[in-house]
Amino acid sequence: MFQPTALQQQIHEAIGHRDHKEKDLRCFVADLAPRRAMTTVLGPAAINKSKFTDWSENGRMLTLLWDTRNGVVTTPREKIEKTQEMVIGVLAARAATKTTLLQLLGSLRHVMTCCPPARSFNQRRYVTASSLTRHGVLKLGCPAIEDLKWMRTILLLHKRFNGTPVDHFASVGTTSVHVHTNASDDGLCVLEPRIRQFIRVPFTKAMPRKCAEDKSINSIRA
6 MFQPTALQQQ IHEAIGHRDH KEKDLRCFVA DLAPRRAMTT VLGPAAINKS KFTDWSENGR
66 MLTLLWDTRN GVVTTPREKI EKTQEMVIGV LAARAATKTT LLQLLGSLRH VMTCCPPARS
126 FNQRRYVTAS SLTRHGVLKL GCPAIEDLKW MRTILLLHKR FNGTPVDHFA SVGTTSVHVH
186 TNASDDGLCV LEPRIRQFIR VPFTKAMPRK CAEDKSINSI RA
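Counting from 1, position 142 in the sequence shown corresponds to residue 147 in the numbering used here; the numbering is continuous, with no gaps.
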């Protein structure tokens, strides 16, 4: 029959009967439990006290700055500047190898965690990078160049990456704004009912012709 150890009994009492135990004891046992497990499994030399840091409400993890008191995440300035340089370099060359694209996407991956609207950009560029051969060079088309210009503009707004709420960062927040869009033969319209405003973007001269061609083959353009 399984017999709990003295430490397990202490943990059970501290958690299961917390109304009758002091908080200090529960914290002590919770802190001791992982150290005891490490020592039991890996041996007495497994714990290096110099590797344990003091508890802090502010810390750096996953290359991001975390503030647990205010519940926000910030992208370090040096990370944004590094990504800016890479975007500008690719724009200047107007061409990229698979390695260059993957390096750019790797740098953007951390930055874009604090900017959810830009995630679709990463998805499009990943598709492009995966289609390249190892030593192939891709000449960037107009859509890719416009995406990079948009990204360059976003990265100039350093404050946009400061103090991102954790629920926004983790995509668990509730929707606060509903935007309705619709398209016609001459343009695109976006409505925001709450503030009673709209944005209307007319199509270029070439776009109606393209839409007409698509209609001729029974397709729907969204």
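Beta carbons are placed, not taken as given, at the ideal position from N, Cα and C, and that holds for glycine.
In the three-state DSSP reduction, Val206 falls in the strand class (E or B).
In the three-state reduction of the DSSP assignment, Cys194 falls in the strand class, which pools E and B. As computed with DSSP, Pro170 is found in a beta bridge with Val77.
Bridge pairing for Gly94: absent [DSSP]. By the beta-carbon neighbour count (other beta carbons within 10 angstroms, threshold 16), Phe33 is exposed.
In the three-state reduction of the DSSP assignment, Asp59 falls in the coil class. Asp36 sits exposed, since fewer than 16 C-beta atoms from the chains shown fall within 10 Å of its C-beta. Counting only residues of its own chain and dropping the five nearest sequence neighbours on each side, Gly141 has a CB closer than 8 Å to the CB of Thr102, Lys103. A straight line joining the alpha-carbon of Thr80 with that of Leu137 spans about 30 Å. For Val116, the uninterrupted alpha helix (DSSP H) run begins and ends at 103-117, by DSSP.
Ile204 and His183 have their C-alpha atoms spaced approximately 14 Å apart. Taking 8 Å as the upper bound for CB-CB distance, Ile85 and His173 are not in contact here, some 18 Å apart. Phe208 and Asn63 have their C-alpha atoms some 48 Å from each other. Shown here for Gly168: same chain residues with a beta carbon closer than 7 Å to its own, the five before and five after excluded, namely Val77, Thr79 in chain order. Under the three-state reduction of DSSP output, Thr68 falls in the coil class, being neither helix nor strand.
Here the alpha carbons of His185 and Cys194 stand approximately 8 Å from one another. Three or more pairs of CB atoms, one per stretch, sit closer than 8 Å, so the stretch 120-134 contacts the stretch 147-154.
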